[in-house]
Amino acid sequence: MNTDTGQDIDFEKMPSVELLEYISFKEEFPAEAQLAFAQFCFRFEKDVKRKSEIYCNKYGYNEVVALEIANCTFSRVWKYPTFKKEKAKAKDFDKAILLWMNPILYTQIIKYGEYNTCAEPTEEEDLSLVNDAEGLVERLNIDSVEAKREVVAKMKTIDSALTQLTEKHRIIYFTYRAYQKEGKKVPRTITRLLREKLSLTQKSVNTYYGDANRHVTNYLNIINGKV
1 MNTDTGQDID FEKMPSVELL EYISFKEEFP AEAQLAFAQF CFRFEKDVKR KSEIYCNKYG
61 YNEVVALEIA NCTFSRVWKY PTFKKEKAKA KDFDKAILLW MNPILYTQII KYGEYNTCAE
121 PTEEEDLSLV NDAEGLVERL NIDSVEAKRE VVAKMKTIDS ALTQLTEKHR IIYFTYRAYQ
181 KEGKKVPRTI TRLLREKLSL TQKSVNTYYG DANRHVTNYL NIINGKV
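Letter 84 of the sequence shown, counting from 1, is numbered 84 in the UniProt record's numbering, and no numbers are missing.
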């Protein structure tokens, strides 16, 4: 990333991943971040609008709402440019960025349905499914190296337990564990996303999680000699 503000930067030719890097440094380099964001929006505007219209049509929203949701999606990218190359779901980074933006757009539509607005959240919400133990550990944001090592060891054991169940069991279990906070339910946006992505009813989602949770508990009891 070129941080020499005395040198002209050609944002039009810059790879999209680098545009996101500039956006992430908006506090340190506000002018450059704004220029990078403008180019990012220009580059992905057509695809995001098209995807927004497809989703909105499914939920009965018109083109005006689709445009608003597309704008809210870009607004959230401005606040949280958290795309990571190492987690890219496509070799082409532009395609990978669009795939990364899809759940962001979907979340905005859900928010619109609940609140009649897709206003930005007050804190970062990376609402996506968690597929494995590694993804869960990353979401826990553990600072202590020792504590993280202990959690990783436990998660590997749980991962081993879940190999005996289906992929849906794994995704639902780890996603619930990632978003469940003490004394609170899993956010409705997440349970809805699980239903949509896995083609299940909410009752089935609950059943899958209950089965996986019991299986993990029994597995841990056995290896710990409690049974």
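We put the beta carbon where it would ideally sit given N, CA and C, even for glycine.
Three-state class that DSSP yields for residue i in the structure shown
| i | result |
| --- | --- |
| V186 | coil |
| T175 | helix |
| Y80 | coil |
| Y61 | coil |
| E123 | Note on E123: pLDDT 43, under 50, position unreliable in the model; no value is reported. |
| Q164 | coil |
| K87 | helix |
| T191 | helix |
| S75 | helix |
| E27 | coil |
| T107 | helix |
| T157 | helix |
| N116 | coil |
| C197 | First, the residue type needs correcting, since residue 197 is Lys and not Cys in the sequence shown. Here K197 sits in helix by DSSP. |
Enclosing alpha helix (DSSP H) for residue i [first to last residue]
| i | result |
| --- | --- |
| I9 | That residue, I9, is in no alpha helix (DSSP H); it is neither H nor E in DSSP. |
| N218 | 202-223 |
| D47 | 30-58 |
| V130 | Neither: V130 is in no alpha helix (DSSP H) and is coded neither H nor E. |
| S16 | 16-24 |
Beta carbon of residue i nearer than 8 angstroms to that of residue j
| i | j | result |
| --- | --- | --- |
| V48 | T73 | yes |
| L19 | F11 | yes |
| I109 | C41 | no |
| L105 | K89 | no |
| D132 | D94 | no |
| V64 | Y112 | no |
| K168 | Y208 | yes |
| A161 | V205 | no |
| Y22 | A38 | no |
| R177 | L129 | no |
| Q9 | E45 | Contrary to the premise, residue 9 reads as Ile rather than Gln in this sequence. No. |
| R50 | S16 | no |
| T189 | T107 | yes |
* Asked: Just checking, does the stretch 10-29 make contact with the stretch 74-82 on the three C-beta pairs under 8 angstroms criterion?
  -> yes
* How do the stretch 212-224 and the stretch 170-179 stand: do at least 3 beta-carbon pairs fall below 8 angstroms, yes or no? -> yes
* Asked: Does the stretch 143-161 touch the stretch 193-207, meaning 3 or more C-beta pairs lie closer than 8 angstroms?
  -> no
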